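Shown next, in C-alpha cells, is the structure this report addresses.
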Amino acid sequence: MALPHPRPWTDPTLAVEDRVSALLAEMTLAELVGQLHQPANVDHDRDAELLAAGGIGSTLHASGATAGNVRDDGVSRDRVDDLQRAAIGASRLGIPLLIARDVIHGHRTVFPIPLGLAASFDEELAFAVAERAALEAAADGITWTFAPMVDLVEDARWGRVAESIGEAPLLTSRLGAAMVRGFQASRRLTACAKHYVGYGLSRGGRDYATADVGETTLRNQHLRPFRAAVEAGVGTVMAAFCDVDGIPMHSHRHLLRAVLKDEWGFDGVVVADWNGIGELVEHGVAADLRDAARQAIEAGVDVDMVSGAYSAHLAELVEEGVVERALVEDAARRVLRLKIRLGLLDPGCAALPGGGDLAGSRGLGLDRELARRAATGAIVVLKDDGVLPVRPSADDLPVLLTGAFATERAALMGTWVLDGHADDVVAVAPAVRTALAATVGSAVADRLVVDPGGFPDRSLRRAREAGTTIALVGEHSWRSGEDSAVSDIGLPPGQLEQLRALAGVAERLVVVVLAGRPLALGEVLALADAVVLAWHPGTEAGTAIADVLVGGVAAGGRLPMSLPRSSGHLPLSHAERPSGRPLPDGPRGGRYIDSPAAPVLPFGAGTSRLTYGPLRTTTAGVPVDGGTVEVSLTVTNDGADDVREPVLLMMRDEVAEVTRPLRELVDVAIVEVAAGASAEVRFALPTTAFGYHGRDHTFRVDPGRVVLTAGWGRPEASSVPITLT
Numbered sequence: 001m002a003l004p005h006p007r008p009w010t011d012p013t014l015a016v017e018d019r020v021s022a023l024l025a026e027m028t029l030a031e032l033v034g035q036l037h038q039p040a041n042v043d044h045d046r047d048a049e050l051l052a053a054g055g056i057g058s059t060l061h062a063s064g065a066t067a068g069n070v071r072d073d074g075v076s077r078d079r080v081d082d083l084q085r086a087a088i089g090a091s092r093l094g095i096p097l098l099i100a101r102d103v104i105h106g107h108r109t110v111f112p113i114p115l116g117l118a119a120s121f122d123e124e125l126a127f128a129v130a131e132r133a134a135l136e137a138a139a140d141g142i143t144w145t146f147a148p149m150v151d152l153v154e155d156a157r158w159g160r161v162a163e164s165i166g167e168a169p170l171l172t173s174r175l176g177a178a179m180v181r182g183f184q185a186s187r188r189l190t191a192c193a194k195h196y197v198g199y200g201l202s203r204g205g206r207d208y209a210t211a212d213v214g215e216t217t218l219r220n221q222h223l224r225p226f227r228a229a230v231e232a233g234v235g236t237v238m239a240a241f242c243d244v245d246g247i248p249m250h251s252h253r254h255l256l257r258a259v260l261k262d263e264w265g266f267d268g269v270v271v272a273d274w275n276g277i278g279e280l281v282e283h284g285v286a287a288d289l290r291d292a293a294r295q296a297i298e299a300g301v302d303v304d305m306v307s308g309a310y311s312a313h314l315a316e317l318v319e320e321g322v323v324e325r326a327l328v329e330d331a332a333r334r335v336l337r338l339k340i341r342l343g344l345l346d347p348g349c350a351a352l353p354g355g356g357d358l359a360g361s362r363g364l365g366l367d368r369e370l371a372r373r374a375a376t377g378a379i380v381v382l383k384d385d386g387v388l389p390v391r392p393s394a395d396d397l398p399v400l401l402t403g404a405f406a407t408e409r410a411a412l413m414g415t416w417v418l419d420g421h422a423d424d425v426v427a428v429a430p431a432v433r434t435a436l437a438a439t440v441g442s443a444v445a446d447r448l449v450v451d452p453g454g455f456p457d458r459s460l461r462r463a464r465e466a467g468t469t470i471a472l473v474g475e476h477s478w479r480s481g482e483d484s485a486v487s488d489i490g491l492p493p494g495q496l497e498q499l500r501a502l503a504g505v506a507e508r509l510v511v512v513v514l515a516g517r518p519l520a521l522g523e524v525l526a527l528a529d530a531v532v533l534a535w536h537p538g539t540e541a542g543t544a545i546a547d548v549l550v551g552g553v554a555a556g557g558r559l560p561m562s563l564p565r566s567s568g569h570l571p572l573s574h575a576e577r578p579s580g581r582p583l584p585d586g587p588r589g590g591r592y593i594d595s596p597a598a599p600v601l602p603f604g605a606g607t608s609r610l611t612y613g614p615l616r617t618t619t620a621g622v623p624v625d626g627g628t629v630e631v632s633l634t635v636t637n638d639g640a641d642d643v644r645e646p647v648l649l650m651m652r653d654e655v656a657e658v659t660r661p662l663r664e665l666v667d668v669a670i671v672e673v674a675a676g677a678s679a680e681v682r683f684a685l686p687t688t689a690f691g692y693h694g695r696d697h698t699f700r701v702d703p704g705r706v707v708l709t710a711g712w713g714r715p716e717a718s719s720v721p722i723t724l725t
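Counting from 1, position 235 in the sequence shown corresponds to residue 235 in the UniProt record's numbering; the numbering is continuous, with no gaps.
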C-alpha cells in the first residue's frame, strides 16, 4: 500500500482544488495573509526573515510607481533564483513566490506599443507577440505579467493610451483575449487584464482622475473586454486606480465581487494596482490603512500590491471578528490555485532554481522576424499621393532623411520597456539606406543625406537640394505612458513650424510620425505628399519603416482610434450615440461653431490598395434566437504588391431599449490578396453579436432591423439591412 504523499500539494497527479485544499489546511492565519502580500523588489537577504515566515506571496520587480518611464537594471535570473530558494528552502511549507514584471509589449525583443499593434487588427499577430514575450520573460523566472491593458480609451490626452488597444469594444476584446492566450500558452506565465474598470475614462485625460460612467455604458462597452479576457482564461485582473461613480475601484464590492467573481465566475486573482489599497485613504473613503484593508478584502481585492495594508492589519481584523476569515481563505485559495496552475508547486518546475535555462532570456536571442512583422503590421499610411515607395534613380536628386528620429534608437521602443535594450534597435537611417541599396542600387543609397535636424536652416537647404524629403517627427517615448498626460495633442513645439518650412521648399515631402498616441495631424496631412503613422515600433523600428517607405510593402494598418482635429474635440469615438437633436443639416452641424465635429480621420482609416465591391447577403431575415447572419463582399487588389489588411464590418441597431452607437465595429476579417487578384470576404455572425445590455442590465437581442456596412469611410462603402425575427 502506497504511503500518503507527505506534501500532497506538490503532487501533480492530484486535482488542483484538492492540492489547494490540502495546503490551506496546513496554513496559519499569518501564512494565509502572507500569500496576499506583494512588496516590490524583495531581496533574499534583506527580507530573509519575512520570507522564512511565509510572509510574502509575490513580488513585483519595478523601479517605482511609474516604472514605465523609469529604466532599471533589468531582471536577473540569478536574483530570481535566489529569491525562490529563500522562499522555498527557509519557509515551513516551501511555497514559491509569484514573480511579477510589467511585460507590456515585449521583454528582450520589443514589439510595437499595444496601440500600434492594435492597428493591425490581427488576432494571430497579437497572440504571437504575447507568446514570444512570455517565452522570454519566463526564461528569466518571471511568472506574472501585468498585461494586457484592455481599458477602452476615447481621449488621446491620456498618456496610458499607448498601452491600450484603442476605442472599440470588439477590437479590444478580441486582441486582448488573443494576448491573454498568447501570454499563457506555455502555462509558465499568467496574464493580467487591467485596469478593472473605467480607468480609460479618466476625466480630462488626466491620469488617476475620476470616471463618470453608469452601469449601462460599463456593460455595453467597458466591461466587455474584461469579460472576454475572463472567458479566455486570464489568471489575474488588476483593479483600477480611479473611482467609478464615486466609489474607488479598490473598494467597489459590486463590480469586483458581485459582477467579476460571482456573475462571471472568475476564479483567478484580483490584484491591487500600486498602493491602490493605501490610496483609499487619499480618496477619502477610508479613515486609515486598517480601514482600507477591510474595505479592499471585502470588496474582493485578493493581493495587496506594495501598500502593506494586508500584512499590517488583516490578521488582527480577522482575530477581532471585523473581517471574516473565509474572505482571507478565499483570497489565499485563489493565489495558491494560480501557483499550482502555473506548475510552481510541481517537482522540477522550470520557473524555479535548477528547472530552467540558467542563461535566461539572453540565451534565447531576439525574434527579429516577428518584431519586424509586428512593426510593419502596425504602420498606418494616412495619406499617399503616389509618392510611395520612394525609389529614385541614380539620375534623380538625392533623398533627404531629416529629424531627430533618423538616428534615434531608445525612443523608438516606446513606453513601458523594462528589459529591452536600445543597442538592439534598428535605427531608421541605416535601414532606409539598406532598403535603397536593395531596391534601386548602392549608387542611390550612398547619396542618402541624413540630417538629424539640429539646425533647421541646414535642413531646409538640404531639402531644396533633394528630390524627396522624408521628415521624421513625433513624440519621444517619455511623452507617453503612465502619469504622462498632455493638454495639447499637437506635435511637440517646433515640429509643425519646421514641417511648414520644409513643405515650402521640398519637391516631395513624406512625413513619418512616431508617437504613443493619436496626434492632431490635420495640417500635417495638408502639407505632406504622404503621411505614415508608425507609432513606437520597437526593436525592428527602422526596418519596418524602411519596408513601407522604400521596400514597397503595403502597410495594412488601420487607425484603432479616431484621429482628432484638436484637444478640444476630445473625448472622441466612432461609436458616438445619437442624441435627440443632431441637426445634421444646420449651419453649426449641431456640434461646434468654430470647427467641424468629425475627426480628421475616423477609426479604421488608412490607405488601401483594395477596392471593395458591394456588400451582399442571402439572409435578410434571421431568427433572433440562435440564428446566423451571413454577408459577403469581393475585394480586388489593384496594386503591384501583395496585400494583407483588415476588412471591417460595422453595424447600426436602429431601435433598441437604450441608445446604441450610430456605428459599431461588429466583425473583422484579415484578408490576403495577391497583386491583381480578387478575394471573397465572408462574415458569419451569430445573432448574439447584435445584442446589448438593456435597462435592467441583462443581455438581450431584440427583433428588428440592423444595418451592416463594409468600407465605412470609403467612397465605395455599402450597406445591407438585416431583419431579426
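Think of the CB as a built atom: it goes at the ideal place given N, C-alpha and C, for glycine as much as any other residue. Just so it is clear, the structure is predicted and the values come from calculations on it, not from any experiment.
Separation of residue j from residue i, as counted between CA atoms
i	j	result
S566	S164	20 Å
L366	V103	15 Å
G284	G246	10 Å
M1	H697	Unreliable placement is indicated for M1, whose pLDDT of 38 sits below 50; no coordinate value is reported for it.
L14	P8	8 Å
A466	E507	7 Å
P599	G613	26 Å
T709	I379	24 Å
A299	A100	23 Å
T210	M179	28 Å
G57	L98	7 Å
E329	L32	7 Å
G568	E154	13 Å
V450	R157	32 Å
T28	W478	45 Å
L327	T543	52 Å
Residue interval of the beta strand (DSSP E) (run including residue i)
i	result
V707	G704 to A710
P646	V643 to D653
R101	L98 to R101
G214	No beta strand (DSSP E) contains G214, which DSSP labels as neither H nor E.
Y208	No beta strand (DSSP E) holds Y208; DSSP gives it neither H nor E.
G713	That residue, G713, is in no beta strand (DSSP E); it is neither H nor E in DSSP.
T611	L610 to Y612
V20	Per DSSP, V20 belongs to no beta strand (DSSP E); it is in the alpha helix (DSSP H), V16 to E26.
L60	S58 to L60
Residue i - containing alpha helix (DSSP H), residue span
i	result
V524	G522 to L527
R172	The sequence given here places Thr at residue 172; Arg does not occur at that position. Segment P169 to F183, the alpha helix (DSSP H) holding T172.
K339	R325 to R341
Y310	A309 to E319
E124	E123 to A139
V390	No alpha helix (DSSP H) contains V390, which DSSP labels as neither H nor E.
Per DSSP, cross-strand counterpart(s) of residue i
i	result
S678	T636
P112	According to DSSP, P112 bridges with nothing at all.
T619	DSSP output for T619 lists no bridge partner at all.
D384	A530
C192	T236
P686	T628
Residue burial classification, residue i (beta-carbon count within 10 angstroms, cutoff 16)
i	result
E664	buried
P721	exposed
F405	buried
P12	exposed
V655	exposed
T628	exposed
Own chain, CB closer than 6 Å to residue i, minus 5 neighbours either side, in chain order
i	result
F266	V230 and L260
N220	Y692 and H693
residue 726	As shown, the chain starts at 1 and ends at 725. That puts residue 726 outside it, with no answer to give.
G454	none
Beta-carbon proximity list for residue i, same chain, < 7 Å, skipping 5 on both sides
i	result
G64	V70
G116	A378, W535, H536 and P537
A86	H44, A48 and L51
D424	L366 and T539
Contact with chain D by residue i, beta-carbon distance below 8 Å
i	result
L289	The structure shown contains no chain D, having only a single protein chain.
Proximal residues to residue i (C-beta, below 8 Å), its chain only, five neighbours per side dropped
i	result
T687	V622, P623, V624, D625, G626, G627, T628, V629, V701 and L724
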